[in-house]
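*Asks:* Residue numbers (this note's numbering): -18 to 82.
(1) According to DSSP, simplified to helix, strand and coil, what is residue 25?
(2) Buried or exposed for residue 82, going by 16 or more other Cβ atoms inside 10 Å?
(3) Give, in chain order, every unbroken run of the beta strand (DSSP E) that is at least 3 residues long and sits entirely within the stretch -10 to 48.
(4) Can you tell me the Cβ-Cβ gap for residue 4 and residue 10, rounded? I've got them flagged as a contact below 8 Å.
(5) For residue -7, is the classification buried or exposed, using 16 other Cβ atoms within 10 angstroms of its Cβ as the cut-off for buried?
(6) Out of curiosity, what's the CA-to-CA distance linking residue 77 and residue 7?
Structure representation (structure tokens):
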């Protein structure tokens, strides 16, 4: 899904939420949840859009209809050797749509 498609889907009320997913190295990708399915945000060349900060994501999403935005950090419990399978799950934090800066 590109930014134009995201805007169209959000205006139609189909976007349930946007997730800013933390990647190793400090970058983030953005996914839109539409009808329970994840749709990563792609650029005009079909490549995943990566942003370097929450502020960059807020700037990119500026002008879109109001949709809840969350920052998501995947749980590392599943990747740890010898760790139990009863981890707390992923960390999902509501984010403001606008920066305080």
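Where is the CB? At the ideal position from N, CA and C, for every residue including glycine.
*Replies:* Reading from the atomic positions:
(1) coil
(2) Unreliable placement is indicated for residue 82, whose pLDDT of 48 sits below 50; the coordinate value is still reported in the next sentence. So residue 82 ends up on the exposed side.
(3) -4 to 3, 9 to 15, 18 to 21
(4) 6 Å
(5) exposed
(6) 19 Å
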